[in-house]
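Just below is one structure, and these are the notes that go with it.
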(Lines of atoms letter the chains of each structure in order from A and count residues from 1; the text may use other names and numbers.)
(Lines give C-alpha, C1' and ligand atoms only; values in the text may rest on other atoms or scores of the structure.)
Protein backbone atom coordinates (compact mmCIF):
# COMPACT_ATOMS: atom_id res chain seq x y z
CA UNK A 1 0.00 0.00 0.00
CA UNK A 2 1.01 3.62 -0.53
CA UNK A 3 0.17 6.96 1.07
CA UNK A 4 0.82 10.33 -0.58
CA UNK A 5 0.25 13.44 1.52
CA UNK A 6 -0.08 17.12 0.66
CA UNK A 7 2.17 19.79 2.13
CA UNK A 8 0.71 23.04 3.44
CA UNK A 9 1.12 26.78 3.55
CA UNK A 10 0.33 28.21 6.97
CA UNK A 11 -0.85 31.75 6.33
CA UNK A 12 -1.22 32.84 9.95
CA UNK A 13 -2.18 31.95 13.49
CA UNK A 14 -5.23 33.96 14.49
CA UNK A 15 -5.54 34.54 18.24
CA UNK A 16 -2.47 34.49 20.45
CA UNK A 17 -4.13 36.90 22.88
CA UNK A 18 -6.65 34.53 24.45
CA UNK A 19 -8.77 37.03 26.37
CA UNK A 20 -11.97 35.67 24.81
CA UNK A 21 -11.28 32.19 26.21
CA UNK A 22 -9.74 30.53 23.14
CA UNK A 23 -6.23 30.61 21.70
CA UNK A 24 -4.51 29.66 18.45
CA UNK A 25 -6.74 29.29 15.39
CA UNK A 26 -5.16 29.22 11.96
CA UNK A 27 -5.56 29.79 8.23
CA UNK A 28 -3.81 27.76 5.55
CA UNK A 29 -3.80 26.02 2.18
CA UNK A 30 -3.00 22.40 1.29
CA UNK A 31 -0.49 22.08 -1.58
CA UNK A 32 0.04 19.46 -4.29
CA UNK A 33 3.82 19.77 -4.01
CA UNK A 34 6.04 19.04 -2.22
CA UNK A 35 4.67 15.82 -0.72
CA UNK A 36 5.48 12.84 1.46
CA UNK A 37 4.97 9.46 -0.18
CA UNK A 38 5.59 6.10 1.46
CA UNK A 39 5.05 2.46 0.56
CA UNK A 40 4.38 0.18 3.51
CA UNK A 41 3.71 -3.42 4.47
CA UNK A 42 3.34 -5.58 7.57
CA UNK A 43 6.47 -6.66 9.43
CA UNK A 44 7.43 -8.14 12.77
CA UNK A 45 9.89 -5.30 13.34
CA UNK A 46 10.27 -1.64 12.37
CA UNK A 47 12.25 -1.21 9.17
CA UNK A 48 12.52 2.14 7.36
CA UNK A 49 14.39 2.59 4.09
CA UNK A 50 14.54 4.98 1.15
CA UNK A 51 16.38 8.07 -0.02
CA UNK A 52 14.77 10.47 2.41
CA UNK A 53 15.94 13.83 3.74
CA UNK A 54 14.34 12.99 7.08
CA UNK A 55 14.86 9.23 7.43
CA UNK A 56 15.44 9.56 11.18
CA UNK A 57 12.08 11.32 11.57
CA UNK A 58 10.28 8.46 9.82
CA UNK A 59 12.05 5.96 12.08
CA UNK A 60 11.20 7.90 15.24
CA UNK A 61 7.52 8.10 14.33
CA UNK A 62 7.37 4.44 13.30
CA UNK A 63 8.94 3.40 16.60
CA UNK A 64 6.45 5.53 18.54
CA UNK A 65 3.45 3.87 16.86
CA UNK A 66 5.10 0.45 17.09
CA UNK A 67 5.50 0.86 20.86
CA UNK A 68 1.93 2.09 21.22
CA UNK A 69 0.32 -0.81 19.33
CA UNK A 70 2.98 -3.52 19.65
CA UNK A 71 3.12 -3.94 15.86
CA UNK A 72 5.95 -3.76 13.34
CA UNK A 73 6.05 -2.10 9.92
CA UNK A 74 8.24 -1.94 6.85
CA UNK A 75 8.33 1.47 5.20
CA UNK A 76 10.01 2.63 2.02
CA UNK A 77 10.13 6.40 1.73
CA UNK A 78 9.51 7.34 -1.91
CA UNK A 79 9.47 11.11 -1.41
CA UNK A 80 9.75 13.68 1.36
CA UNK A 81 10.80 17.31 1.70
CA UNK A 82 12.84 19.63 3.90
CA UNK A 83 11.84 20.08 7.52
CA UNK A 84 11.79 23.37 9.42
CA UNK A 85 11.21 25.53 6.33
CA UNK A 86 7.54 26.41 6.94
CA UNK A 87 5.78 23.75 4.85
CA UNK A 88 4.80 21.33 7.61
CA UNK A 89 6.80 18.19 6.81
CA UNK A 90 6.82 16.99 10.43
CA UNK A 91 3.04 16.69 10.60
CA UNK A 92 2.75 15.02 7.19
CA UNK A 93 5.43 12.44 8.05
CA UNK A 94 3.71 11.68 11.36
CA UNK A 95 0.28 11.31 9.79
CA UNK A 96 1.54 9.22 6.87
CA UNK A 97 3.31 6.75 9.16
CA UNK A 98 0.45 6.69 11.66
CA UNK A 99 -2.11 6.11 8.91
CA UNK A 100 0.04 3.27 7.56
CA UNK A 101 -0.25 1.50 10.93
CA UNK A 102 -3.96 2.32 10.99
CA UNK A 103 -4.61 0.74 7.58
CA UNK A 104 -2.36 -2.29 8.03
CA UNK A 105 -3.78 -3.32 11.37
CA UNK A 106 -7.38 -2.02 11.13
CA UNK A 107 -6.96 0.22 14.18
CA UNK A 108 -10.00 2.38 13.24
CA UNK A 109 -8.25 5.57 14.30
CA UNK A 110 -9.39 8.99 13.08
CA UNK A 111 -6.85 11.39 11.58
CA UNK A 112 -7.20 13.47 14.74
CA UNK A 113 -6.43 10.48 16.95
CA UNK A 114 -3.36 9.65 14.86
CA UNK A 115 -2.18 13.26 15.19
CA UNK A 116 -2.69 13.19 18.95
CA UNK A 117 -0.71 9.95 19.35
CA UNK A 118 2.03 11.41 17.17
CA UNK A 119 2.08 14.71 19.09
CA UNK A 120 1.03 16.95 16.18
CA UNK A 121 -1.64 19.60 15.71
CA UNK A 122 -1.59 20.92 19.27
CA UNK A 123 -1.48 24.56 18.13
CA UNK A 124 -2.52 24.73 14.49
CA UNK A 125 -5.04 22.42 12.86
CA UNK A 126 -3.96 23.31 9.33
CA UNK A 127 -1.49 20.47 8.71
CA UNK A 128 -3.78 17.83 10.19
CA UNK A 129 -6.76 19.01 8.17
CA UNK A 130 -4.69 19.43 5.00
CA UNK A 131 -3.97 15.71 5.35
CA UNK A 132 -7.63 14.95 6.08
CA UNK A 133 -9.53 17.07 3.54
CA UNK A 134 -7.19 19.50 1.73
CA UNK A 135 -8.25 22.89 0.38
CA UNK A 136 -8.37 26.30 2.07
CA UNK A 137 -8.82 25.78 5.80
CA UNK A 138 -9.65 27.91 8.83
CA UNK A 139 -9.41 26.19 12.20
CA UNK A 140 -10.98 27.29 15.48
CA UNK A 141 -8.05 26.92 17.86
CA UNK A 142 -8.39 25.61 21.40
CA UNK A 143 -10.42 26.46 24.47
CA UNK A 144 -8.21 27.70 27.30
CA UNK A 145 -9.86 25.01 29.44
CA UNK A 146 -7.93 22.51 27.29
CA UNK A 147 -4.80 24.51 26.47
CA UNK A 148 -3.81 27.34 28.78
CA UNK A 149 -0.36 28.25 27.41
CA UNK A 150 1.01 29.76 24.22
CA UNK A 151 3.09 26.99 22.62
CA UNK A 152 3.92 25.75 19.10
CA UNK A 153 2.35 22.51 17.85
CA UNK A 154 5.59 20.59 18.40
CA UNK A 155 5.48 21.39 22.15
CA UNK A 156 1.72 21.25 22.77
CA UNK A 157 -0.21 18.22 24.01
CA UNK A 158 -3.63 19.60 23.03
CA UNK A 159 -5.91 17.80 20.58
CA UNK A 160 -5.91 19.05 16.97
CA UNK A 161 -8.09 22.13 16.46
CA UNK A 162 -11.49 21.80 14.73
CA UNK A 163 -12.19 23.09 11.21
CA UNK A 164 -14.59 26.05 11.25
CA UNK A 165 -14.37 26.78 7.50
CA UNK A 166 -13.14 24.78 4.52
CA UNK A 167 -13.41 25.62 0.82
CA UNK A 168 -11.81 24.48 -2.39
CA UNK A 169 -9.01 26.92 -3.20
CA UNK A 170 -9.23 28.48 -6.69
CA UNK A 171 -7.15 27.15 -9.58
CA UNK A 172 -4.45 29.78 -9.07
CA UNK A 173 -0.76 29.03 -9.31
CA UNK A 174 1.29 29.18 -6.11
CA UNK A 175 4.97 30.05 -6.42
CA UNK A 176 7.04 28.92 -3.44
CA UNK A 177 10.57 30.02 -2.56
CA UNK A 178 12.67 28.38 0.16
CA UNK A 179 15.84 30.39 0.85
CA UNK A 180 18.79 28.60 2.41
CA UNK A 181 18.16 29.93 5.90
CA UNK A 182 17.68 28.26 9.25
CA UNK A 183 14.04 28.25 10.32
CA UNK A 184 12.69 28.54 13.85
CA UNK A 185 12.00 25.27 15.65
CA UNK A 186 12.56 23.50 18.94
CA UNK A 187 13.60 25.74 21.83
CA UNK A 188 13.86 28.82 19.59
CA UNK A 189 10.25 28.43 18.48
CA UNK A 190 9.01 27.89 22.05
CA UNK A 191 10.92 31.01 23.16
CA UNK A 192 9.28 32.98 20.34
CA UNK A 193 5.81 32.15 21.67
CA UNK A 194 6.74 32.79 25.28
CA UNK A 195 8.48 36.10 24.55
CA UNK A 196 5.87 37.74 22.30
CA UNK A 197 2.55 36.34 23.55
CA UNK A 198 -0.03 37.51 24.37
CA UNK A 199 -0.42 39.51 21.15
CA UNK A 200 -2.30 42.84 21.53
CA UNK A 201 -6.06 42.32 21.28
CA UNK A 202 -6.57 45.03 18.66
CA UNK A 203 -4.24 43.17 16.26
CA UNK A 204 -6.14 39.91 16.79
CA UNK A 205 -9.41 41.74 16.14
CA UNK A 206 -7.95 43.21 12.95
CA UNK A 207 -6.87 39.77 11.79
CA UNK A 208 -10.29 38.27 12.46
CA UNK A 209 -11.94 41.08 10.49
CA UNK A 210 -9.61 40.52 7.52
CA UNK A 211 -10.02 36.75 7.52
CA UNK A 212 -13.82 36.70 7.93
CA UNK A 213 -14.78 39.65 5.75
CA UNK A 214 -12.03 39.74 3.13
CA UNK A 215 -9.96 36.59 2.76
CA UNK A 216 -12.72 33.98 3.10
CA UNK A 217 -15.09 35.75 0.67
CA UNK A 218 -12.24 36.24 -1.82
CA UNK A 219 -11.61 32.49 -1.89
CA UNK A 220 -15.31 31.68 -2.37
CA UNK A 221 -15.71 34.36 -5.07
CA UNK A 222 -12.32 33.57 -6.68
CA UNK A 223 -11.29 37.22 -6.42
CA UNK A 224 -7.49 37.29 -6.52
CA UNK A 225 -7.23 41.06 -6.03
CA UNK A 226 -9.17 40.88 -2.76
CA UNK A 227 -7.23 37.80 -1.65
CA UNK A 228 -3.97 39.60 -2.42
CA UNK A 229 -4.92 42.65 -0.36
CA UNK A 230 -5.97 40.52 2.59
CA UNK A 231 -2.82 38.39 2.47
CA UNK A 232 -0.49 41.41 2.33
CA UNK A 233 -2.28 43.09 5.24
CA UNK A 234 -2.08 39.92 7.33
CA UNK A 235 1.73 39.97 7.15
CA UNK A 236 1.70 43.14 9.29
CA UNK A 237 -0.54 41.86 12.08
CA UNK A 238 -0.34 39.64 15.14
CA UNK A 239 2.09 36.76 15.44
CA UNK A 240 2.76 36.75 11.68
CA UNK A 241 4.53 40.09 12.03
CA UNK A 242 6.59 38.64 14.90
CA UNK A 243 7.59 35.65 12.75
CA UNK A 244 8.70 37.85 9.86
CA UNK A 245 10.64 40.16 12.19
CA UNK A 246 12.91 37.24 13.19
CA UNK A 247 14.60 37.43 9.78
CA UNK A 248 15.46 41.12 10.29
CA UNK A 249 14.77 42.92 7.00
CA UNK A 250 15.25 39.96 4.66
CA UNK A 251 11.66 38.72 4.44
CA UNK A 252 10.20 42.22 4.76
CA UNK A 253 12.38 43.09 1.78
CA UNK A 254 10.90 40.47 -0.52
CA UNK A 255 7.38 41.38 0.62
CA UNK A 256 8.17 44.91 -0.54
CA UNK A 257 9.97 43.73 -3.70
CA UNK A 258 6.88 41.78 -4.83
CA UNK A 259 4.29 44.03 -3.21
CA UNK A 260 2.07 44.03 -6.29
CA UNK A 261 1.33 40.34 -5.75
CA UNK A 262 -0.41 38.12 -3.21
CA UNK A 263 2.71 37.37 -1.16
CA UNK A 264 3.30 36.02 2.32
CA UNK A 265 5.59 33.95 4.51
CA UNK A 266 4.45 30.45 5.47
CA UNK A 267 4.42 29.57 9.18
CA UNK A 268 7.67 30.61 10.91
CA UNK A 269 9.43 30.59 7.55
CA UNK A 270 11.70 30.95 5.83
CA UNK A 271 9.49 29.76 2.91
CA UNK A 272 7.67 32.54 1.07
CA UNK A 273 4.79 32.08 -1.35
CA UNK A 274 3.08 34.11 -4.05
CA UNK A 275 -0.40 33.36 -5.43
CA UNK A 276 -0.86 34.33 -9.09
CA UNK A 277 -3.19 33.70 -12.02
CA UNK A 278 -0.43 34.43 -14.58
CA UNK A 279 3.29 35.32 -14.79
CA UNK A 280 4.25 32.50 -12.42
CA UNK A 281 7.64 32.03 -14.10
CA UNK A 282 8.38 35.76 -13.87
CA UNK A 283 7.57 35.73 -10.15
CA UNK A 284 9.66 32.59 -9.62
CA UNK A 285 12.65 34.31 -11.27
CA UNK A 286 12.04 37.41 -9.16
CA UNK A 287 12.22 35.37 -5.95
CA UNK A 288 15.46 33.71 -7.07
CA UNK A 289 17.03 37.05 -8.02
CA UNK A 290 16.04 38.72 -4.76
CA UNK A 291 17.77 36.13 -2.61
CA UNK A 292 20.73 35.92 -5.00
CA UNK A 293 21.40 39.59 -4.22
CA UNK A 294 21.91 38.47 -0.60
CA UNK A 295 24.18 35.59 -1.69
CA UNK A 296 21.53 33.07 -0.70
CA UNK A 297 20.50 30.05 -2.72
CA UNK A 298 16.75 29.68 -2.98
CA UNK A 299 14.85 26.58 -4.10
CA UNK A 300 11.73 27.57 -6.04
CA UNK A 301 8.82 25.70 -7.57
CA UNK A 302 5.33 26.34 -8.93
CA UNK A 303 2.39 24.33 -7.64
CA UNK A 304 -1.34 24.60 -6.95
CA UNK A 305 -3.63 23.94 -4.02
CA UNK A 306 -4.64 20.35 -3.31
CA UNK A 307 -8.39 20.30 -2.76
CA UNK A 308 -8.48 16.83 -1.26
CA UNK A 309 -6.61 15.09 1.49
CA UNK A 310 -3.94 12.41 1.45
CA UNK A 311 -4.26 9.64 -1.15
CA UNK A 312 -4.17 6.05 0.08
CA UNK A 313 -3.94 3.26 -2.50
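In the working numbering, the protein residues as written are 267 to 579.
Yeah, the Cβ is synthetic: ideal placement off N, Cα and C, and Gly gets one too.
In this text, all values refer to a predicted model and were calculated from it rather than measured experimentally.
Nearest neighbour of residue 346 by Cα position, chosen from 322, 457, 338 and 331, turns out to be 322. Between residue 354 and residue 533, the gap from beta carbon to beta carbon is short of 9 Å. Contact check for residue 272 against residue 358 passes: the beta carbons are separated by less than 9 Å. Less than 9 Å divides the Cβ of residue 324 from the Cβ of residue 304. With a contact defined as Cβ atoms closer than 8 Å, residue 571 and residue 295 qualify at about 5 Å. By the beta-carbon neighbour count (other beta carbons within 10 angstroms, threshold 16), residue 461 is exposed. In the DSSP assignment, residue 305 falls within the unbroken beta strand (DSSP E) covering 303 to 309. Secondary structure at residue 474: helix, using DSSP grouped into helix, strand and coil. It is roughly 43 Å from the alpha-carbon of residue 549 to the alpha-carbon of residue 339.
Straight through space, the alpha carbons of residue 350 and residue 451 are spaced by roughly 7 Å.
Relative to residue 297, the option among 309, 516 and 569 whose CA is nearest is 569.
Here residue 390 is buried: its Cβ has 16 or more other Cβ atoms, across all protein chains shown, within 10 Å. Sequence-distant partners of residue 334 (beyond 5 residues in either direction) whose C-beta falls short of 7 Å from its own C-beta, in its chain, are 383.
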